[in-house]
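Q: Dropping a structure here in structure tokens format, bear with me for questions.
There are 2 protein chains.
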Amino acid sequence: MDKILRKKNWKQDPEAVKANILKVAVEQFAQHGLAGARVDEIARQTASSKRMIYYYFSDKEGLYQAALESEYQRVRASETELNLEGLNPIQAMRHITEYTYDYHRCNPNFVRMIAIENIHNAAYLKTSEVIRDLNSKIVKIVEEIYNAGIEQGLFHDASNALQLHWMMSALCFYNVSNKSTFEAGFGAGLHSAAGQSQLRDQIVTTILRTVVTDFSIIDQP
Amino acid sequence: MDKILRKKNWKQDPEAVKANILKVAVEQFAQHGLAGARVDEIARQTASSKRMIYYYFSDKEGLYQAALESEYQRVRASETELNLEGLNPIQAMRHITEYTYDYHRCNPNFVRMIAIENIHNAAYLKTSEVIRDLNSKIVKIVEEIYNAGIEQGLFHDASNALQLHWMMSALCFYNVSNKSTFEAGFGAGLHSAAGQSQLRDQIVTTILRTVVTDFSIIDQP
DNA sequence: TGACAAATGTACCGACTTGTACATTTTGTG
DNA sequence: CACAAAATGTACAAGTCGGTACATTTGTCA
Numbered sequence: 001m002d003k004i005l006r007k008k009n010w011k012q013d014p015e016a017v018k019a020n021i022l023k024v025a026v027e028q029f030a031q032h033g034l035a036g037a038r039v040d041e042i043a044r045q046t047a048s049s050k051r052m053i054y055y056y057f058s059d060k061e062g063l064y065q066a067a068l069e070s071e072y073q074r075v076r077a078s079e080t081e082l083n084l085e086g087l088n089p090i091q092a093m094r095h096i097t098e099y100t101y102d103y104h105r106c107n108p109n110f111v112r113m114i115a116i117e118n119i120h121n122a123a124y125l126k127t128s129e130v131i132r133d134l135n136s137k138i139v140k141i142v143e144e145i146y147n148a149g150i151e152q153g154l155f156h157d158a159s160n161a162l163q164l165h166w167m168m169s170a171l172c173f174y175n176v177s178n179k180s181t182f183e184a185g186f187g188a189g190l191h192s193a194a195g196q197s198q199l200r201d202q203i204v205t206t207i208l209r210t211v212v213t214d215f216s217i218i219d220q221p
Numbered sequence: 222m223d224k225i226l227r228k229k230n231w232k233q234d235p236e237a238v239k240a241n242i243l244k245v246a247v248e249q250f251a252q253h254g255l256a257g258a259r260v261d262e263i264a265r266q267t268a269s270s271k272r273m274i275y276y277y278f279s280d281k282e283g284l285y286q287a288a289l290e291s292e293y294q295r296v297r298a299s300e301t302e303l304n305l306e307g308l309n310p311i312q313a314m315r316h317i318t319e320y321t322y323d324y325h326r327c328n329p330n331f332v333r334m335i336a337i338e339n340i341h342n343a344a345y346l347k348t349s350e351v352i353r354d355l356n357s358k359i360v361k362i363v364e365e366i367y368n369a370g371i372e373q374g375l376f377h378d379a380s381n382a383l384q385l386h387w388m389m390s391a392l393c394f395y396n397v398s399n400k401s402t403f404e405a406g407f408g409a410g411l412h413s414a415a416g417q418s419q420l421r422d423q424i425v426t427t428i429l430r431t432v433v434t435d436f437s438i439i440d441q442p
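Chains as they are written, first to last, in our numbering: chain R, 1 to 221; chain A, 222 to 442.
As structure tokens, this is what we get:
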């Protein structure tokens with residue numbers, strides 16, 4: 001309706017059009033994959049038209065790549081919420097783990113886009129430059145926490161920041177990415193509210209146990 | 222060529238034909254997903270024809286479902302290799318973790334099929350009965366090891382078999398499923414031979430640390 | 001205000017893809 | 001050996017989907 005009214009005397013707003021297209025595209029690609037998503041359907045859900053998709057994004061692959069990158073931008077944007085001021089290394093490690101868990105859980109489309117991108121062997125991520133520094137930034141945060149913990153004698157140095165980040169990602173990612181098949185195989189218990197709250201604690205504990213020297217400290221908030 | 226020679230005076234061998242189709246189908250679906258895979262291409266790589274695909278599997282979705290189930294059958298088949306005789310609970314837990322790690326790593330198509338199935342919200346797995354008892358079987362093995370460990374005072378009872386299995390799967394699955402994007406973001410270090418061997422140990426250690434009462438025991442083979 | 005560029009609407013095409021109709025061969029069985 | 005059922009070969013049809021040609025409108029700036 002909004003669309004129809006605008007057919008005559010419409011205002012130009014390229015940025016809004018692009019943003020609108022991307023939002024719909026992310027949803028559709030996340031839901032159906034690159035091959036499964038339909039350009040016509042994306043266009044239909046858009047406030048503009050298929051014509052504009054090709055105008056701004058060249059082709060389906062261009063749109064997919066842009067959608068993928070836009071999801072990464074969202075991570076970067078929300079990253080400012082992560083406030084580690086005044087936390088000791090153990091508290092900080094707990095906090096960043098919980099943050100990672102929550103972000104994955106609250107952004108299933110981000111998880112799905114990455115899962116889909118892995119099916120394509122990261123072909124589109126490889127050619128993207130936005131990703132690298134975002135990732136290195138996250139690892140750097142973990143690294144600072146980890147090093148501080150070692151200096152203070154709270155952590156031992158048997159691990160490293162990349163491995164820690166890997167493990168956080170693995171647990172938090174899998175929790176969302178494989179929810180459906182896991183439920184199909186083992187019931188919904190682990191993904192109920194109670195199960196998830198327990199799992200969240202379990203993940204934090206797992207990470208802390210990997211680094212900490214004194215295990216008795218872990219159970220404190 | 223083989224195919225052409227067989228056009229006259231061919232022998233019927235339904236089971237071999239089905240098996241051959243499924244093998245190709247798994248490869249193609251794992252590589253390109255349900256929507257991305259092409260029936261014509263699957264037929265081409267087959268020793269038989271597109272006609273036979275529809276003859277035995279009704280339609281593309283039927284073929285996909287059959288391919289998915291056939292990959293689960295492979296897990297069941299290879300499961301007999303898992304020999305836990307004469308191992309104490311700690312050794313057994315280590316062994317089943319290593320087995321899980323190795324199986325995922327050596328069967329990327331299995332991992333990919335599950336990742337793809339998750340994109341479809343496990344729609345095809347839900348209607349499949351073969352899966353349930355296979356899964357419950359694996360959890361049962363973990364449960365037996367875990368209970369034995371508790372009885373012998375080696376494990377504490379703060380966790381449970383399903384959570385343990387979940388964590389094993391999460392780490393072993395993610396290692397394979399997200400290899401591409403992780404490499405794209407962080408370099409190939411973790412997936413080099415050295416990195417993987419270290420990661421394998423790390424995963425075993427992580428699992429053991431979640432169950433064991435005496436951490437000093439972990440480092441023994 | 002006029003002219004050019006940017007942005008958008010509309011209709012359509014050609015290629016690709018799933019699925020089928022029809023014919024033919026093989027195999028098991030009385 | 002006849003005959004029906006199972007298995008396979010061949011060609012093609014109907015629909016879908018990505019992409020484009022062409023026309024039109026809006027914005028900008030000299």
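Glycine included, C-beta positions come from ideal geometry on N, C-alpha and C.
Keep in mind it's a predicted model, so treat the numbers as computed, not measured.
#1: Mind listing, in chain order, the continuous alpha helix (DSSP H) runs of no fewer than 4 residues lying wholly within the segment 260–316 of chain A?
#2: Beta carbon of R:Q12: closer than 7 Å to some heavy atom of the ligand ZN?
#3: Is the Cβ-Cβ distance between A:Q252 and A:I263 less than 8 Å?
#4: Is A:Y345 helix, strand or coil when you go by DSSP?
#5: Hey, R:I229 and R:T97: beta-carbon distance below 8 Å or not?
#6: Name, in chain order, the residues that DSSP records as bridge partners for R:F186.
#7: Go to A:E446, then tell me how far its alpha helix (DSSP H) extends in each direction, as first and last residue.
#8: For A:L429 and A:L420, which I take to be in contact (beta-carbon distance under 8 Å), what is that distance rounded to the nearest angstrom?
#9: With distances taken from CA atoms, which of R:V17, R:S177, R:A194, R:T205 is nearest R:H104?
#10: On a CA-only basis, which of A:T426, A:D435, A:F436 is nearest A:H316? Give me that one, please.
#11: Give the interface partners of R:E144 over in chain A, defined as CB-CB distance under 7 Å, in chain order.
#12: Please go through the same chain and pick out, in chain order, the residues whose beta-carbon is closer than 7 Å to the beta-carbon of R:L134, but skip the five residues on each side of it.
#13: Ends of the alpha helix (DSSP H) at R:H165?
#14: Please list the partners that R:K126 has in chain A, where partner means a Cβ-to-Cβ separation under 7 Å.
#15: What are the partner residues of A:V433, as DSSP defines its beta bridges?
#16: What's the gap between the Cα of R:F57 and the Cα of R:R132?
#17: If you measure between the beta carbons of A:A246 and A:A313, is that distance less than 8 Å?
#18: Roughly how many angstroms lie between the CA atoms of R:Q65 and A:Q286, to the nearest whole one?
#19: Within the continuous alpha helix (DSSP H) that includes A:I438, where are the two ends?
#20: Assuming R:H32 is part of the alpha helix (DSSP H), what are its boundary residues?
#21: Determine which residues of the segment 107–131 of chain R have a Cβ less than 7 Å from any Cβ of chain A, and write them out in chain order.
#22: From the DSSP output, in three-state form, read off A:E350 for me.
#23: What would DSSP say about R:S192, mapped onto helix, strand or coil?
#24: Anyone know if the C-beta pair for R:V211 and R:G149 falls short of 8 Å?
#25: According to DSSP, simplified to helix, strand and coil, what is R:M1?
#26: Would you check if the segment 344–352 of chain A and the segment 401–408 of chain A touch, i.e. whether three or more CB-CB distances between them fall below 8 Å?
#27: Less than 8 Å between the beta carbons of A:S269 and A:I311, yes or no?
#28: Counting only Cβ pairs nearer than 9 Å, list the residues of chain R close to A:Q294.
#29: Counting contacts by CB-CB distance shorter than 8 Å, is A:N230 in contact with chain R?
#30: Pull up the distance between the alpha-carbon of A:A405 and that of A:E350, whole angstroms please.
#31: Take A:V238 as the anchor and find which of A:D435, A:Y276, A:G408 has the nearest alpha-carbon.
#32: Going by C-alpha distance, which of R:D40, R:S70, R:Q45 is nearest R:D59?
#33: So which residues of chain R does A:S401 contact, with C-beta pairs closer than 7 Å?
A: So, to answer that:
#1: At a cut-off of 4 residues, the continuous stretches assigned as alpha helix (DSSP H) that sit fully inside the segment 260–316 of chain A are 260–266, 271–278, 281–299.
#2: The model depicted lacks the ligand ZN and carries no ligand whatsoever.
#3: No, the Cβ-Cβ distance between A:Q252 and A:I263 is not below 8 Å.
#4: helix
#5: A question about residue 229 of chain R goes unanswered here, because the residues of chain R that appear run from 1 up to 221.
#6: DSSP, once it has assigned bridges, lists no residue as partnering R:F186.
#7: Nothing in the structure corresponds to residue 446 of chain A, since chain A is present only between 222 and 442.
#8: About 15 Å; that fails the 8 Å criterion.
#9: R:S177
#10: Among A:T426, A:D435, A:F436, the Cα nearest to that of A:H316 is on A:T426.
#11: Those do not exist, as R:E144 stays about 17 Å from chain A at its closest Cβ, beyond 7 Å.
#12: Y72, V75, R76
#13: 161–177
#14: A405
#15: A:F376
#16: 22 Å
#17: no
#18: 29 Å
#19: Per DSSP, A:I438 belongs to no alpha helix (DSSP H) and is neither H nor E.
#20: 14–36 is the extent of the alpha helix (DSSP H) around R:H32.
#21: R112, I114, A115, I116, E117, N118, I119, N121, A122, L125, K126, I131
#22: In this structure, DSSP gives A:E350 a state outside helix and strand, which the three-state scheme calls coil.
#23: coil
#24: With respect to the 8 Å criterion, R:V211 and R:G149 are classified as neighbours on the basis of their beta carbons.
#25: Legend: pLDDT at R:M1 = 27, less than 50; position of this residue unreliable, value from coordinates given subsequently. Looking at R:M1 - three-state DSSP - the assignment turns out to be coil, as it is neither helix nor strand.
#26: no
#27: no
#28: Within chain R, no residue comes near A:Q294; the closest Cβ sits about 15 Å away, beyond 9 Å.
#29: For A:N230, the predicted model reports a pLDDT of 47, less than 50, meaning its position is unreliable and no value from the coordinates is stated.
#30: 37 Å
#31: Shortest Cα-Cα distance from A:V238 to any of A:D435, A:Y276, A:G408 involves A:Y276.
#32: R:D40
#33: N118, N121, A122
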